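Student: The following block contains the structure, expressed as structure tokens.
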Amino acid sequence: MQQTTFQVLANRPLTDAVYRMELQGDTTAITRPGQFVNLHIDGCYLRRPISVCDWDGQTLTLIYKVVGEGTRRMAQARKGDTFDLLTGLGNGYTLRGNAPLLLGGGVGIPPLYGLAKRLRAAGKPVTAVLGFNTASEIFLRDEFSALGCRVLVTTADGSAGIPGFVTDALAGLSYDTFYTCGPEPMLRAVYAATVTGGQFSFEERMGCGFGACMGCSCKTVTGYKRICKDGPVLEKEEILW
Amino acid sequence: MVDLRVDLCGIALSNPVIPASGTFGYGNEFREFYDPNILGTFSFKGTTREPRFGNPTPRIAECTAGMINAVGLQNPGIDAVLATELPRLKTFFHKPVIANIGGFSVEDYAYCCEKIDAEPCVGWIEVNISCPNVRHGGMSFGTDPAGAAAVTKAVKAVTTKPVFVKLSPNVTDIVEIAKACEDAGADGISLINTLLGMRIDLARRRPVIANTMGGFSGPAVFPVALRMVYQVAHAVGVPVMGMGGVSSARDVLEMLMAGATAVQVGAANLVNPCACRDIIEDLPVEMERLGISNLRELRI
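These protein sequences, in sequence, are chains A and B.
This note's numbering applies: residue 649 is where the first sequence begins, and numbers increase by one.
This note's numbering applies: residue 1010 is where the second sequence begins, and numbers increase by one.
This is how it looks when you write it as structure tokens:
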């Protein structure tokens, strides 16, 4: 964990509501895909936890959906603006498996991109199932393809790819582990439909984002956990719905 | 050179800045941000007789200049705190700590305080009779002078450590409660706990907090807290730890002028993990600017 200042390099919409922000700063505290940062936004009291889409030595990519006042203000940020960030928060995904399957829904997809990049760098054949509501909301599909992933898109309204949800794309896919992130109904469906162990990334309203306030606690097979500190990634076998 | 030292019931503090219970865990999470030994001390997470998960989530709601929490006293229980948390705390924190104790009956409070009394690393006990987020016990003791006195008396009977009673602002006359605690033997008063509050999610047409209501804290409550600290500090003869929305060195000085002996910082730690470090660094600067040489005779 680290508190540090980042400067915006670019901030542009990918769809009507989803934005991609590139920032420059000290990324050394970010060690695993699936971790998140907590942004201070002027005018908002609490920080906003945003998953890390990708990072390298100097830059950080965040992909976020405008859902409220905080993300609305984020979307207005211009090149050169700065944000006070807590970085390297959460446990992140543990890389494993020789035939990994990635299942992402909506703004649950961005952290899977950084994961896919690292799995591909390790030489793993990656299958990514990306779920959206409708064709106009699709983002990151081409970027996953460019990594060399096999990409399957699903849309709830059937306007692109496989009609339905990410779990409707599972038939015929072979995998020895999976990684998922998305809205809770999707995570529940993935839990029921998958046949191997896997890692789930959860979302919860947070106070601090670094384990101090106990605002985001959940019950698991292995005891009480804080989504922000002991998560956001939980193993399938420890989840209690 | 300004002097930041204060005395809290005979124990010297290097400065009056104290992270408030529930915003600092048992200290461990903040070690990656700064050395907790720079603090005057800290008040550890409210601890109860039995382990508690607390309330369902969402437990947090944002407000203008503040937040609502309804954590509900999640903690591992007194036995796990004694067996695990305090031994770990001692490895990195070398000052006496404040043990914050919650309960659901007079016996609960006494049980925990008796156990904690044997801990040399505990300098003070802070009895939380003001948690707004638990259905039985908690705040019900803090909203009634007789209940507050009963808890105070029971705790004082089982410990030799200085006992601070942490009061709720959700009362008509906080001075009456403070006096009842003092009469029952309290060595000091901590105030204020959070103000009972609520937010509604407009799109979902239901409360943001799963528990409907929660405790409101943050800079927005500072003037209310300051007023209550002023009233209580001028009505009792025991030291007061002032808290409620404190976010800056200037807020700390206001609390001291209102009559507090030491000052706790709560919600600020959650939005800026280095809040207390920053305040401690800013204090001498503000004191120089204001011509204040020490913090012990500021009461107005």
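Heads up, the beta-carbon is just placed ideally off N, CA and C, and yes, glycines get one too.
Fair warning: this is a prediction, and the values are worked out from it, not measured in the lab.
1. So, helix, strand or coil for S1052/B, using DSSP?
2. So, with DSSP's three-state summary, where would you put N1278/B?
3. Give a yes or no on whether the minimum CB-CB distance between F858/A and chain B is below 8 Å.
4. Output the boundary residues of the beta strand (DSSP E) element that contains E1071/B.
5. Which residues in chain A have a C-beta closer than 7 Å to the C-beta of I1069/B? List them in chain order.
6. Determine, using beta carbons only, whether G1275/B and C1072/B come nearer to each other than 8 Å.
7. Between M649/A and the rest of its own chain, which residues show a CB-CB distance below 8 Å, the 5 nearest in sequence each way excluded?
8. Could you tell me how far apart the beta carbons of V1261/B and V1026/B are, in whole angstroms, since I believe they sit closer than 8 Å?
9. Do the segment 1191-1199 of chain B and the segment 1213-1231 of chain B meet, that is, are 3 or more Cβ pairs less than 8 Å apart?
10. Answer with yes or no whether the minimum CB distance from L737/A to chain B is below 8 Å.
11. Would you check if the segment 1231-1250 of chain B and the segment 854-873 of chain A touch, i.e. whether three or more CB-CB distances between them fall below 8 Å?
12. Smallest Cα separation from G756/A: which of T742/A, D878/A and I711/A?
13. Assuming R757/A is part of the beta strand (DSSP E), what are its boundary residues?
14. From R695/A, S699/A, T709/A and C701/A, pick the residue whose C-alpha is nearest to that of L657/A; which is it?
15. Where does P1228/B fall in DSSP's three states?
16. Mapping the DSSP letters down to three states, classify P748/A as helix, strand or coil.
17. Under DSSP, the alpha helix (DSSP H) around T1100/B begins and ends at which residues?
18. Of all Cβ atoms in chain B, is any one closer than 8 Å to the Cβ of C701/A?
19. Can you give the Cα-Cα distance for L795/A and R768/A, rounded to whole angstroms?
20. If you follow the beta strand (DSSP E) that Y1118/B is part of, which residue opens it and which one closes it?
21. Taking the alpha carbon of C1016/B as the point to measure from, which residue in L1292/B, A1269/B, D1182/B and P1293/B has its own alpha carbon closest?
22. Say whether the segment 746-756 of chain A touches the segment 672-691 of chain A, bearing in mind that this needs 3 or more beta-carbon pairs closer than 8 Å, one atom from each stretch.
23. Output the boundary residues of the beta strand (DSSP E) element that contains P661/A.
24. Just reading off the beta strand (DSSP E) that P827/A is part of, what are its end residues?
25. Could you spell out the range, first to last residue, of the alpha helix (DSSP H) harbouring V1131/B?
26. Check the DSSP bridge columns for I1352/B and list the partner residues they point to.
27. Are the CB atoms of L750/A and A770/A nearer to each other than 8 Å?
28. For A1258/B versus L1292/B, is the C-beta spacing smaller than 8 Å?
29. Chain D partners of Q1273/B, CB-CB under 9 Å?
30. For A1119/B, would you say it is in contact with chain A, using Cβ-to-Cβ distances shorter than 8 Å as the test?
31. DSSP beta-bridge partners for C866/A?
32. Please list, in chain order, the chain B residues whose beta carbon lies closer than 9 Å to that of K867/A.
33. Taking C-alpha atoms, which residue in P1232/B, L1048/B, C1285/B and G1063/B lies nearest to Q1083/B?
34. Nearest to G1151/B by CA position, among R1014/B, Y1239/B and D1182/B, is which residue?
35. Express the C-alpha separation of C797/A and A819/A in angstroms, rounding to a whole number.
36. Which same chain residues end up closer than 8 Å to V1167/B when comparing Cβ atoms and leaving out the 5 residues on each side of it in sequence?
Tutor: Checking against the coordinates, here is how it stands:
1. strand
2. Under the three-state reduction of DSSP output, N1278/B falls in the helix class.
3. Closer than 8 Å to some Cβ of chain B, the Cβ of F858/A qualifies, so yes.
4. From DSSP, the beta strand (DSSP E) with E1071/B extends over I1069 to C1072.
5. R853, M854, G855 and G863
6. Not a contact, by the Cβ cut-off of 8 Å.
7. A677, L734, T735, G736, L737 and F858
8. 6 Å
9. no
10. no
11. no
12. In terms of CA proximity to G756/A, I711/A leads the group T742/A, D878/A and I711/A.
13. Checking the sequence shown, residue 757/A turns out to be Ile, not Arg. Counting along the chain, I757/A falls outside any beta strand (DSSP E), and DSSP gives it neither H nor E.
14. Ranking R695/A, S699/A, T709/A and C701/A by Cα distance to L657/A puts T709/A first.
15. helix
16. The answer is strand: DSSP assigns P748/A an E or B state.
17. L1095 to F1101
18. For C701/A, no Cβ of chain B is located within less than 8 Å of the residue's own Cβ.
19. Each residue's alpha carbon lies about 7 Å from the other.
20. Run containing Y1118/B: none in the beta strand (DSSP E); it sits in the alpha helix (DSSP H), V1115 to I1125.
21. Cys is not the amino acid found at residue 1016/B; the sequence shown has Asp there. Closest option to D1016/B, Cα to Cα, is A1269/B.
22. The segment 746-756 of chain A, when compared against the segment 672-691 of chain A, does not touch it at the 8 Å Cβ threshold.
23. Q650 to P661
24. In the sequence as displayed, the identity of residue 827/A is Tyr instead of Pro. T825 to C829 is the span of the beta strand (DSSP E), which, as asked, contains Y827/A.
25. Counting along the chain, V1131/B sits inside no alpha helix (DSSP H); it lies in the beta strand (DSSP E) bounded by residues V1131 to N1137.
26. Missing from the structure shown is residue 1352/B; chain B here goes from 1010 to 1309 and no further.
27. no
28. For the pair A1258/B and L1292/B, the CB atoms are nearer than the 8 Å cut-off.
29. Judged by its chain identifiers, the structure shown contains no chain D, and its protein chains are A and B.
30. no
31. K873/A
32. F1062
33. G1063/B
34. D1182/B
35. C-alpha separation (whole angstroms): 18 Å.
36. A1119, C1122, E1123 and D1126
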